[in-house]
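Worksheet for the structure shown next.
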Amino acid sequence: MSELVAARGYDGTTVEEIVTRAGVSRKTFYERHKSREQWFIEICQTAAGGLSDRITRAGEAGGSRSERAARIATTLLGHWLDDPTSAHACFVETLAAGEQARAWRGQLLETLHTTIAQAIGGERAPDIDRLATRAAVGAVLELVGHDAIQVDEQQAVALIQTILVTGEPPR
521 MSELVAARGY
531 DGTTVEEIVT
541 RAGVSRKTFY
551 ERHKSREQWF
561 IEICQTAAGG
571 LSDRITRAGE
581 AGGSRSERAA
591 RIATTLLGHW
601 LDDPTSAHAC
611 FVETLAAGEQ
621 ARAWRGQLLE
631 TLHTTIAQAI
641 GGERAPDIDR
651 LATRAAVGAV
661 LELVGHDAIQ
671 VDEQQAVALI
681 QTILVTGEPP
691 R
């Protein structure tokens, strides 16, 4: 269903279109979901499911900070590049969906920041790690949230790895 939202935008996706595509009645839709926004949040939760656990495992696999950062960057970027319509729905369309969807998006981002900071290891001052994880997640959002951007995955992973390792952009 994220394809429907990605194609039409959250505001352009009606309950009628959702139930038609799902092959269910409006009654069934509202028995399962309190609202269109709640349905949309559930779609995004499914898309983001398990990502934090995979990031944690990438960090726990050991190695240097640089090696952990490369695995984390590959995991984070790869998750969303594998499903760009869900990335667009989760990071772009949630901004149009309503207060609960924006709150869910904020919680997802905070979870990703915290999980990445813990997985990368606390070898620097916490404020630098916090800034680096936010910059890395922000870079991923920009790369995967827009259809017009062609992503060279190797270059993107190297960029995100550099940000996570040094806390600075590449020079």
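Quick note on our numbering: the sequence shown kicks off at 521 and runs consecutively.
Beta carbons: idealized from backbone N, C-alpha and C, even for Gly.
Asked	Found
Whose CA, out of Phe549, His599, Val539, Val535, lies closest to the CA of Thr566?	His599
Identify the continuous alpha helix (DSSP H) that holds Phe611 and give its terminal residues.	Taken as a continuous stretch (DSSP letters only), Phe611 belongs to no alpha helix (DSSP H), as it is neither H nor E.
In the DSSP assignment, find the unbroken alpha helix (DSSP H) run with Gln620 in it and report its ends.	619-640
I think Ala637 touches Thr653, with their Cβ atoms under 8 Å apart; what is that distance to the nearest whole Å?	5 Å
Compare the C-alpha of Ala639 against each of Gly579, Gln558, Thr534 and name the closest.	Gly579
For Trp559, I'd like the list of residues in its chain whose CB is within less than 6 Å of its CB, leaving aside the five on either flank, ordered along the chain.	His553
What residue from Ala616, Thr682, Thr634, Val660 has the CA that sits closest to Asp573's CA?	Thr634
Determine the burial state of Ser545: buried for a count of at least 16 other Cβ atoms within 10 Å of its Cβ, exposed for fewer.	exposed
Taking 8 Å as the cut-off, decide whether the C-beta atoms of Ala526 and Thr605 are in contact.	yes
Starting from Gln681 and walking both ways along the alpha helix (DSSP H), at which residues does that stretch end?	673-686
DSSP on Lys554, reduced to helix/strand/coil?	coil
Going by beta-carbon coordinates alone, are Cys564 and Thr614 separated by less than 8 Å?	yes
Quick one: using the 10 Å Cβ neighbour count with 16 as the cut-off for buried, is Gln675 buried or exposed?	exposed
Compute the beta-carbon to beta-carbon distance between Ile561 and Ala621, rounded to the nearest angstrom, for a pair I have assumed lies under 8 Å.	6 Å
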